[in-house]
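*Asks:* Chains as they are written, first to last, in numbering that gives the first Met the number 0: chain A, 0 to 267; chain B, 0 to 178. Virtual Cβ for every residue (Gly too), placed ideally from N, Cα, C. Please read through the structure below; I'll follow up with questions.
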Amino acid sequence: MALRGNLRDFTITQLLNLINLAQKTGTLVVDGPSEQAYISFREGKLAYARVGQEDGTLATVLHKANRLTVNQYRAIVERAGNINDKELGLLLINAGYLSQEEILANLQNYFTEIVRRLFTWVEGFFRFEAEMLPPADRINVRLDLENIIIEGSRQLREWEQLQDEIPSLEMALKFTERPLKNVNLSVEEWRVVSYINPRNTMKQIALTNKMNDLEIRRIVYGLLQAGLVEIVRPEGMVIQQSPKMFPTQNKEEQKSLVNKLIGRIRSL
Amino acid sequence: MQTVKMVVTGPFSAGKTEFIQSVSEIDVVSTERKISSTAERSVKEATTVAMDFGRITVDEDLVLYLFGTPGQKRFDFMWEILSEGMLGFIVMVDSTRPETFREARSILETFRAYAPTPYVVAANKQDMEDAWDLEDMRHALRLENKVKFLPCVATDKNTVKTVLLELLYSILAEMESGG
């Protein structure tokens, strides 16, 4: 079914979060203000990216990263004919000019840069095409999205939106089952992470770290978006059930009442 | 006469009034007003500004009231009042309007902070062609796996019944676990 919408309502960071958590395979097509971007994923990991009129070939990527000189680049473009990226990569590796790791690292940087550019797009439409895979002749990478998501979340500055995302600081946080590894956190983010425990409310964490409401919300938002933490009721919180919930305080009578409700709804 | 209540909440135009109407034995007492904002008017003509109110009589001693919250954010001062004493709550989300998912998350978090009562989330308009897939919505709404997230069509009595029953099962389970 449809996974489409408007960037004004659903940010790139939120889309990456969804793709990451759902481990999606396919291509996110974003129609931006002046150009179109294609970001491909395999099982929730970034595989390939292309934007606007940039050809995104390996030769171009290596040339932009100063790994190929102008002359080398020209020679490849002019003389290599229909050689595709995978073939060019193999030639460069076999020639001992670049290692496989260097080629992949350059492609990763290039694709990550394209995603970073998308963070600045606030207008436009997106759709996720599960059937659309990267071109077969291009080299794919396999890049975890958590760091890109955290980076994108740091750019969210609007107080109102942060307050919408995290309305109450009286709630606590707990780590999800996703491992906290290879994640690049800032010092402030680590300070928050070190206090994450279902017993500590976000307000307590902020106070301990001398952070204001905006700062704590911004950091928690990044961690939430990356799927590293979730919001929970604080452990040990005194739960005051309203005496008005049930007309009786007798537990057995309360259960009987709920069973009566179940019977009635079933019979509707 | 004993009364209990459940609250149906969610963003503007999520289908709360229709949900209550589908099972209420009385015509929903709805405090609807013409919408002033042009953007909101393009979605529907009237909205609930105070609350919807539906009733299901269980027997001569017991009545269940269903309260629908106003969907527009400027009426959120009513939420805490309406949530007082509820058995549980249902968050309705329009599956075809991803622009409302952020607000739905915010409403859910706000209600979770108000009251430690069980809740379920209903993905309304799942019969529409442009409805988001449930699994995608679960991630977009940041719902943990243990949260009941149910497909729903607010005008279809059977799906509404399922949502209400699932909430009641959660309430019963919490009571039996000593919660």
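Measuring only the C-alpha atoms, how far is S23 of chain B from K243 of chain A?
*Replies:* The residue you call residue 23 of chain B lines up with position 24 of the second sequence. The residue you call residue 243 of chain A lines up with position 244 of the first sequence. Taking the straight line joining both Cα atoms gives about 22 Å.
*Asks:* When Cβ atoms are compared, which residues of the region 30–42 of chain A fall closer than 9 Å to chain B?
*Replies:* Within the region 30–42 of chain A, no residue qualifies.
*Asks:* Would you tell me roughly how many angstroms separate the C-alpha atoms of V3 of chain B and T247 of chain A, rounded to the nearest one?
*Replies:* The residue you call residue 3 of chain B lines up with position 4 of the second sequence. The residue you call residue 247 of chain A lines up with position 248 of the first sequence. Using only the alpha carbons, I get a separation of about 10 Å.
*Asks:* With distances taken Cα to Cα, identify the nearest neighbour of W120 of chain A among A:S33, A:W189, A:T59.
*Replies:* Counting from 1 along the first sequence, the entry for residue 120 of chain A is found at position 121. Per the Cα distances, A:S33.
*Asks:* How would you write the range of the alpha helix (DSSP H) that A21 of chain A sits in, first residue to last?
*Replies:* As a position in the first sequence, residue 21 of chain A is number 22, starting the count at 1. Start and end: 11–21.
*Asks:* For D30 of chain A and F125 of chain A, I'd like the C-alpha separation in whole angstroms.
*Replies:* For the purposes of this step, residue 30 of chain A is taken as the residue at position 31 of the first sequence. For the purposes of this step, residue 125 of chain A is taken as the residue at position 126 of the first sequence. Rounded to whole angstroms, D30 of chain A to F125 of chain A spans 6 Å at the Cα level.
*Asks:* Closer than 8 Å, Cβ to any Cβ of chain A: which residues of the region 116–144 of chain B, in chain order?
*Replies:* Of all residues in the region 116–144 of chain B, T116, E128, D129, A130, W131, D132, E134, D135, H138, A139, R141, E143 have a Cβ within less than 8 Å of some Cβ in chain A.
*Asks:* Starting from K173 of chain A and walking both ways along the beta strand (DSSP E), at which residues does that stretch end?
*Replies:* Along the first sequence, one-based indexing puts residue 173 of chain A at 174. Residues 171–174.
*Asks:* Beta-carbon separation of A1 of chain A and D135 of chain B under 7 Å?
*Replies:* Residue numbering aside, residue 1 of chain A sits at position 2 when the first sequence is read from its first letter. Residue numbering aside, residue 135 of chain B sits at position 136 when the second sequence is read from its first letter. No, they are not a contact pair.
*Asks:* Counting C-beta neighbours from all protein chains within 10 Å, is the total for E158 of chain B 16 or more, i.e. buried, or is it exposed?
*Replies:* Your numbering for residue 158 of chain B matches position 159 in the second sequence. The residue you asked about is not Glu; residue 158 of chain B is Thr in the sequence shown. The residue is buried, with at least 16 neighbouring Cβ atoms inside 10 Å.
*Asks:* Count the CB pairs spanning the region 191–198 of chain A and the region 222–237 of chain A that are closer than 8 Å, and state whether there are at least three.
*Replies:* Touching, yes.
*Asks:* Name the two residues that bound the continuous beta strand (DSSP E) containing F88 of chain B.
*Replies:* Counting from 1 along the second sequence, the entry for residue 88 of chain B is found at position 89. 88–93 is the span of the beta strand (DSSP E), which, as asked, contains F88 of chain B.
*Asks:* Does the beta-carbon distance from V62 of chain B to T56 of chain B come in below 7 Å?
*Replies:* Translated into positions along the second sequence, residue 62 of chain B becomes position 63. Translated into positions along the second sequence, residue 56 of chain B becomes position 57. Cβ distance < 7 Å, so V62 of chain B and T56 of chain B count as in contact.
*Asks:* At 8 Å on the CB atoms, spell out the chain B contacts of L267 of chain A, in chain order.
*Replies:* Position 268 of the first sequence, counting from 1, holds the residue named residue 267 of chain A. Those are V22, I55, K156, K160, listed as they occur along chain B.
*Asks:* Output, in chain order, the set of chain B residues within a Cβ distance shorter than 8 Å of P166 of chain A.
*Replies:* As a working mapping, residue 166 of chain A is identified with position 167 in the first sequence. Here the neighbours are S105, E108, T109, A112.
*Asks:* Suppose the cutoff is 7 Å on Cβ atoms and the five residues either side in sequence are ignored; what does the same chain contact list for V60 of chain A look like?
*Replies:* Stepping through the first sequence from its first residue, residue 60 of chain A is reached at position 61. Around V60 of chain A: N105, L106, Y109.
*Asks:* Do you know how far the Cα of L260 of chain A is from the Cα of G123 of chain A?
*Replies:* By 1-based counting over the first sequence, the position of residue 123 of chain A is 124. By 1-based counting over the first sequence, the position of residue 260 of chain A is 261. Looking at the two C-alpha atoms, the distance is approximately 47 Å.
*Asks:* Assuming contact is defined by CB atoms lying nearer than 7 Å, are V140 of chain A and L90 of chain A in contact in what I supplied?
*Replies:* The sequence position of residue 140 of chain A within the first sequence is 141, counting from 1. The sequence position of residue 90 of chain A within the first sequence is 91, counting from 1. Against a cut-off of 7 Å, the Cβ pair of L90 of chain A and V140 of chain A comes out as no contact.
*Asks:* Would you report the Cα separation of P150 of chain B and G80 of chain A, rounded to the nearest angstrom?
*Replies:* Within the second sequence, numbered from 1, the residue matching residue 150 of chain B stands at position 151. Within the first sequence, numbered from 1, the residue matching residue 80 of chain A stands at position 81. Going from the Cα of P150 of chain B to the Cα of G80 of chain A covers about 54 Å.
*Asks:* Which runs of the beta strand (DSSP E) at least 3 residues long sit entirely within the region 24–67 of chain A? Give them in chain order.
*Replies:* Those beta strand (DSSP E) runs which fall completely within the region 24–67 of chain A and span 3+ residues are 25–30, 35–41, 44–50.
*Asks:* Cα-Cα, which of B:S21, B:K160, B:T99, B:M85 is closest to A13 of chain B?
*Replies:* By 1-based counting over the second sequence, the position of residue 13 of chain B is 14. A13 of chain B has its Cα closest to that of B:T99, out of B:S21, B:K160, B:T99, B:M85.
*Asks:* Answer with buried or exposed for N19 of chain A, where buried requires no fewer than 16 other C-beta atoms within 10 angstroms of its C-beta.
*Replies:* Looking up residue 19 of chain A in the first sequence gives position 20. Label assigned to N19 of chain A: buried.
*Asks:* State the DSSP-derived secondary structure class of R137 of chain A, mapped to helix, strand or coil.
*Replies:* Within the first sequence, the letter at position 138 stands for residue 137 of chain A. Residue state, collapsed to three classes: coil.
*Asks:* Hey, S82 of chain B and Y113 of chain B: beta-carbon distance below 7 Å or not?
*Replies:* The residue you call residue 82 of chain B lines up with position 83 of the second sequence. The residue you call residue 113 of chain B lines up with position 114 of the second sequence. Yes, the Cβ-Cβ distance between S82 of chain B and Y113 of chain B is below 7 Å.
*Asks:* Below 8 Å between beta carbons is the criterion; list the residues of the region 220–233 of chain A that meet it against any residue of chain B, in chain order.
*Replies:* Taking 8 Å as the Cβ-Cβ cut-off against chain B, the residues of the region 220–233 of chain A that qualify are L223, E229, I230, R232.
*Asks:* Take every Cβ of the region 101–110 of chain B, pair it with every Cβ of the region 157–172 of chain A, and state whether three or more of those distances are shorter than 8 Å.
*Replies:* Yes, the region 101–110 of chain B is in contact with the region 157–172 of chain A.
*Asks:* By DSSP's criteria, M5 of chain B is part of a beta bridge. Which residues make up the other side?
*Replies:* Position 6 of the second sequence, counting from 1, holds the residue named residue 5 of chain B. The partner list for M5 of chain B (beta bridge, DSSP) reads B:L65.
*Asks:* Assuming Q253 of chain A contacts M174 of chain B (C-beta within less than 8 Å), just tell me the rounded distance between them.
*Replies:* The residue given as residue 253 of chain A occupies position 254 in the first sequence. The residue given as residue 174 of chain B occupies position 175 in the second sequence. About 6 Å separates the two Cβ atoms, so the contact holds.
*Asks:* Should W189 of chain A go down as buried or exposed, given a rule of 16 or more other Cβ atoms within 10 Å for buried?
*Replies:* In the first sequence, counting from the first residue as 1, residue 189 of chain A sits at position 190. Counting Cβ neighbours within 10 Å, W189 of chain A comes out exposed, since fewer than 16 surround it.
*Asks:* Indicate whether T200 of chain A and E229 of chain A have their beta-carbon atoms separated by less than 7 Å.
*Replies:* To locate residue 200 of chain A, count along the first sequence from 1; it is residue 201. To locate residue 229 of chain A, count along the first sequence from 1; it is residue 230. No, the pair does not count as a contact, with Cβ atoms beyond the cut-off.
*Asks:* Along chain B, which residues have their Cβ under 8 Å away from the Cβ of I259 of chain A?
*Replies:* Here the question's residue 259 of chain A lines up with position 260 in the first sequence. For the sequence presented, residue 259 of chain A should be read as Lys rather than Ile. Those within 8 Å of K259 of chain A in chain B are V57, D58, L61.
*Asks:* Can you confirm whether L249 of chain B, when its beta carbon is compared against all beta carbons of chain A, has any partner nearer than 7 Å?
*Replies:* Summary: the structure shown does not reach residue 249 of chain B, with chain B confined to residues 0 through 178, and so no result is reported for it.
*Asks:* In terms of residues, what are the limits of the beta strand (DSSP E) holding G4 of chain A?
*Replies:* Here residue 4 of chain A refers to the residue found at position 5 of the first sequence. 3–5 is the extent of the beta strand (DSSP E) around G4 of chain A.
*Asks:* Return no unless some Cβ of chain A is closer than 7 Å to the Cβ of L65 of chain B.
*Replies:* Stepping through the second sequence from its first residue, residue 65 of chain B is reached at position 66. No, L65 of chain B lies away from the interface with chain A (no Cβ there is under 7 Å from its Cβ).
*Asks:* Taking 6 Å as the limit between beta carbons, can you name the residues of its chain near A205 of chain A, skipping five residues before and five after?
*Replies:* The sequence position of residue 205 of chain A within the first sequence is 206, counting from 1. If we look at A205 of chain A and ignore the five residues flanking it on each side, its Cβ neighbours are I215.
*Asks:* Given K15 of chain B, which residues of its chain have a CB within under 6 Å of its CB, disregarding the five upstream and five downstream residues?
*Replies:* Reading the second sequence from its first residue, position 16 is the one you call residue 15 of chain B. Around K15 of chain B: V7, G9, G67, M91.
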